[in-house]
Amino acid sequence: MSDLTYPRYLELDQLLELQKVRSDPPEHDEMLFIVIHQVYELWFKLLLHELEKVESDFRSGAQWGAHATLGRSRTILKTLVGQLDILETMTPRSFNSFRDRLETSSGFQSVQFREIETFLGYKRPGMLEHWPEHLEGLDQLKARLAAPTLRDAFHQFLADCGAEIPKDILERDVTQPSQPDERVQESLFKLYTDRPDLIGMFETMIDLDEGFMEWRYRHVQLVSRTIGTKEGTGGSLGVEFLKKSLFHPFFPDLWEIRHRF
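Counting in the numbering used here, the sequence shown runs from 9 upward without gaps.
What follows is the structure, encoded as structure tokens:
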């Protein structure tokens, strides 16, 4: 009989040893701050896992698998937003009681979240100029910047569905940000009529975009109410940097045709 137990399967001994406060004497809310952000990184890991499956489904033509996994990803985003409610119970005074213990670290340095943005098509190579060279995970982000995006896989999926996706889009330089294109928009509009079975998936992609916008908005408001106009932790650009991507869609072509229905 196996001696595998619930704690061993989940490696709980190791997991529950990872929450180490740095304030001395310990500030009560630092534990909250650490736990929430560690949990975020676990959700980011799962989001990357799910979105990579969507990419694989797009490339293999597995429409229903892609649709279902996009829906799961949207639900994960709802959970991320909900966790901000917990973090907002921490007052600015409580945060500032241990903020200096973060030293040069900052949420800006979340490699996994930058990977998610990059993988979804929001490529910003210049962002790396602000990152310390010794940052853990930097190589994997550079690899994402050099690789095709989920939107590239989506364009190939559309072409495989019979849409007229121009060759210059299918063979574009993937190291550059993906841009909206009127020709793709025309093909998408036609698919809304010719392929009603695809409409649900398209709308779920819109849902996913809204989920990221909601997350960004709530995150901006959280940072604003916690540090106001102060410089971000670790010298990051704070609220003003976060605002720049506030309403940036990952699937702009789906948004651009809304007025045509």
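No residue lacks a Cβ here, since even glycine has one placed at the ideal position from N, Cα and C.
### Query
Looking at the unbroken alpha helix (DSSP H) that takes in Gln46, where does it start and where does it end?
The residue given as residue 46 occupies position 38 in the sequence shown. Looking at the DSSP string, the run of the alpha helix (DSSP H) that includes Gln46 is 36-68.
### Proximity winner among Thr87, Arg159, Glu194, relative to Asp181 (alpha-carbon distances)
Taking the first residue of the sequence shown as position 1, residue 181 is located at position 173. Taking only the C-alpha atoms, the option nearest Asp181 is Arg159.
### Query
Can you tell me where the alpha helix (DSSP H) with Tyr14 in it begins and where it stops?
The count along the sequence shown starts at 1 and reaches residue 14 at position 6. Its alpha helix (DSSP H) spans residues 14-18.
### Message
At the level of alpha carbons, what is the spacing between Gly240 and His45?
### Response
Residue numbering aside, residue 240 sits at position 232 when the sequence shown is read from its first letter. Residue numbering aside, residue 45 sits at position 37 when the sequence shown is read from its first letter. The predicted model places Gly240 with a pLDDT of 46, which falls under 50 and marks its position as unreliable; any figure quoted below should be read in that light. Taking the straight line from one Cα to the other gives about 16 Å.
### Message
Using 8 Å as the cut-off, can you tell me whether the stretch 214-222 makes contact with the stretch 77-92, which would need three or more C-beta pairs spanning the two stretches below that distance?
### Response
yes
### Task
Using three-state DSSP, classify Phe197 as helix, strand or coil.
Counting from 1 along the sequence shown, the entry for residue 197 is found at position 189. In this structure, Phe197 counts as helix in the three-state DSSP scheme.
### Query
Using 8 Å as the Cβ pair cut-off and three pairs as the minimum, do the stretch 163-179 and the stretch 133-145 touch?
no
### Query
Just reading off the alpha helix (DSSP H) that Thr97 is part of, what are its end residues?
Here residue 97 is taken as the residue at index 89 of the sequence shown, counted from 1. Careful: Thr97 lies outside any alpha helix (DSSP H) and carries neither H nor E.
### Query
Could you give the residue range of the alpha helix (DSSP H) that holds Arg268?
As a working note, residue 268 is residue 260 in the sequence shown. Per DSSP, Arg268 belongs to no alpha helix (DSSP H) and is neither H nor E.
### Query
Under the three-state reduction of DSSP, which class applies to Arg226: helix, strand or coil?
The residue given as residue 226 occupies position 218 in the sequence shown. It is helical.
### Query
Helix, strand or coil: which one does DSSP assign to Gly243?
Position 235 of the sequence shown, counting from 1, holds the residue named residue 243. Annotation note: pLDDT 47 at Gly243 (below 50); position unreliable, coordinate value reported separately. Reduced to three states, the DSSP call for Gly243 is helix.
### Residue from Glu38, Asp21, His163 with nearest C-alpha to Val270
Examination of residue 270 is not possible in this model, given that the chain is present from 9 through 269 alone.
### Simplified DSSP assignment, three categories, for Glu111
Here residue 111 corresponds to residue number 103 of the sequence shown, with the count starting at 1. Reliability of the predicted coordinates at Glu111 is poor, the pLDDT of 47 falling under 50, and the value obtained from them is presented with this limitation in mind. Coil, per DSSP.
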